[in-house]
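K.L.:
Dumping the structure here so I can ask a few things about it.
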Amino acid sequence: MKLVRFGAPNQEKPGILAPDGTLRDLSGILSDLTPDYLGPEALDKLGRMDHSILPVVEGSVRFGVPCAGIQKIIAVGLNYSDHAAEAGMAIPKEPILFSKSITSLNGPNDDVVIPRDSTKVDWEVELGVVIGKRAKSVPESEAMEYVAGYCLANDVSERELQLERGGGQWLKGKSLDTFCPVGPWLVTCDEVEDPHDLGAWLDVNGVRRQSGNTGTMIFRVPYLVHYISQFITLTPGDLIITGTPPGVGMGMKPPAFLDHGDLMELGIDGLGVQRQKIVREA
């Protein structure tokens, strides 16, 4: 299934993309797409519904973050071997973890607002993993049982705050409001044959900047769920963003960053496309 939330900000309704490609309104079945509906039984029930009886949503719509009530965003740094090389950093022996604030969440096509004096805002297309049930110290062999599905994410980053003024941690440069666009869809696992064989790309103003494949991940999805759950209890709706392929702005020679009016477009095979305009804070 491809599950969505659509409508004006803070007024989103749950929806589903039916097999015929139409957007169908789920609000008569559930009030919102929350973590309560991400467990295996709830997803199975939604999947077995006759989607043809649901109301069709006509016209163009705004998509919101595809799951309401996300409690944690856990990100993985330097998780692509080719990205680590362009950053001039060693391949990590264990996953590098950091968090992004919940207030960084943003609709997939909403504006990304950058600080007034910022000059080093960067882009990062990433595969997102959405947790479906509580995970604590899970074995790697069982880790996929805890995954509800996948989504597209953009780990927007302010490199000065992250690397020059971060004090040795990345939270500040990663957590600005609007710096985590997610969606348009939450795609359940049955529709993703292999999460480690997905093409990922990102354009800035129509120029391809990132082009990679999730197959070059250093630490793969089952290991990440297993590893993170050793330290942090994962709960339904938690979002893990799994790192970015090469082509980020700070790796260019000379480095290139985003400014007011720039347009980012990005996508991952089977997970949809995002478009965000950069707007400088007034």
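In my numbering, the protein residues as written are 3 to 284. Glycine residues also receive a C-beta, built at the ideal position from the N, C-alpha and C atoms. Every value quoted in this text rests on a predicted model; they were computed, and no experiment measured them.
1. In angstroms with no decimal places, state the Cα-to-Cα distance between ASP261 and VAL227.
2. Check whether the Cβ atoms of GLY9 and GLY71 sit closer than 8 Å, and answer yes or no.
3. Can you give me the start and stop residues for the alpha helix (DSSP H) that ASP179 sits inside?
4. Taking only runs of the alpha helix (DSSP H) that begin and end inside the segment 47-116, which ones reach a length of at least 4 residues, in chain order?
5. Enumerate in chain order the residues of its own chain whose CB-to-CB distance from SER213 is below 6 Å, with the five nearest sequence positions on each side excluded.
6. What first and last residue would you give for the beta strand (DSSP E) that runs through PRO16?
7. Please determine if the segment 164-172 and the segment 149-156 are in contact, where contact requires at least 3 C-beta pairs separated by less than 8 Å.
8. Alpha carbons only, please: which of ILE116, LEU200, ARG136, VAL131 is nearest the one belonging to GLU160?
9. Does DSSP classify SER139 as helix, strand or coil?
10. Using a Cβ-Cβ cut-off of 6 Å (strictly less than) and excluding sequence neighbours within five positions of ILE243, which residues of its own chain qualify?
11. Identify, in the order they occur along the chain, each residue of the same chain with its Cβ nearer than 7 Å to the Cβ of THR216, setting aside the five sequence neighbours on each side.
12. When you compare each of VAL123, GLY274, VAL189, PRO186 to ARG282 by their alpha carbons, which one comes out closest?
13. If we call anything under 8 Å between Cβ atoms a contact, is VAL59 one with LEU25?
14. Have a look at the DSSP bridge pairing and note the partners of ILE220.
15. So, is ASP46 buried or exposed, given that buried needs 16 or more other C-beta atoms within 10 angstroms?
16. Name the residue from PRO247, PRO97, GLY239 whose alpha carbon lies nearest to the alpha carbon of ASP34.
17. For GLY251 versus TRP172, is the C-beta distance shorter than 8 Å?
18. Using 8 Å as the threshold, is the C-beta distance between SER101 and ILE133 below it?
19. Unbroken beta strand (DSSP E) runs of length 3 or more, entirely within the segment 187-275: which are they?
20. According to the Cβ coordinates, are PRO247 and TYR82 closer than 8 Å?
21. Would PRO21 pass as a contact of ARG7 if the rule is Cβ separation under 8 Å?
22. How would you call THR121, buried or exposed, if buried means at least 16 neighbouring beta carbons within 10 angstroms?
P.N.:
With the given structure in hand:
1. For the purposes of this step, residue 261 is taken as residue 259 along the sequence shown, with counting starting at 1. For the purposes of this step, residue 227 is taken as residue 225 along the sequence shown, with counting starting at 1. Approximately 35 Å between the Cα atoms of the pair.
2. Numbered from its first residue, the sequence shown carries residue 9 at position 7. Numbered from its first residue, the sequence shown carries residue 71 at position 69. No. Outside cutoff.
3. Indexing the sequence shown from 1 puts residue 179 at position 177. No alpha helix (DSSP H) holds ASP179; DSSP gives it neither H nor E.
4. 83-88
5. Position 211 of the sequence shown, counting from 1, holds the residue named residue 213. Here the set comprises TRP203.
6. The residue you call residue 16 lines up with position 14 of the sequence shown. Start and end: 15-19.
7. no
8. As a working mapping, residue 160 is identified with position 158 in the sequence shown. Comparing Cα positions, the closest option is ILE116.
9. In the sequence shown, counting from the first residue as 1, residue 139 sits at position 137. Here SER139 carries a coil assignment [DSSP, helix/strand/coil].
10. Here the question's residue 243 lines up with position 241 in the sequence shown. Answer for ILE243: ALA77, GLU128, GLY130, ALA155, ASP157, listed in chain order.
11. Counting from one through the sequence shown, the residue named residue 216 turns up at place 214. LEU129, PRO197, HIS198, ASP199, LEU200, ALA202.
12. Here residue 282 is taken as the residue at index 280 of the sequence shown, counted from 1. The option with the nearest alpha carbon to ARG282 is VAL123.
13. Numbered from 1 along the sequence shown, position 57 holds the residue referred to as residue 59. Numbered from 1 along the sequence shown, position 23 holds the residue referred to as residue 25. Yes; because the gap between Cβ atoms is below 8 Å, this pair is in contact.
14. Indexing the sequence shown from 1 puts residue 220 at position 218. Answer is none; ILE220 lacks a bridge partner.
15. Reading the sequence shown from its first residue, position 44 is the one you call residue 46. Burial call: exposed.
16. Working through the sequence shown from its first residue, we reach residue 34 at position 32. Distances from the CA of ASP34 to each of PRO247, PRO97, GLY239 were compared; the closest alpha carbon is that of GLY239.
17. As a working note, residue 251 is residue 249 in the sequence shown. As a working note, residue 172 is residue 170 in the sequence shown. No, the Cβ-Cβ distance between GLY251 and TRP172 is not below 8 Å.
18. Numbered from 1 along the sequence shown, position 99 holds the residue referred to as residue 101. Numbered from 1 along the sequence shown, position 131 holds the residue referred to as residue 133. In this structure, ILE133 does not lie closer than 8 Å to SER101 by Cβ.
19. 188-190, 201-206, 209-215, 241-243, 265-270
20. Taking the first residue of the sequence shown as 1, we reach residue 247 at position 245. Taking the first residue of the sequence shown as 1, we reach residue 82 at position 80. Yes. Within cutoff.
21. Indexing the sequence shown from 1 puts residue 21 at position 19. Indexing the sequence shown from 1 puts residue 7 at position 5. No. Outside cutoff.
22. By 1-based counting over the sequence shown, the position of residue 121 is 119. With fewer than 16 Cβ atoms within 10 Å of its Cβ, THR121 is classed as exposed.
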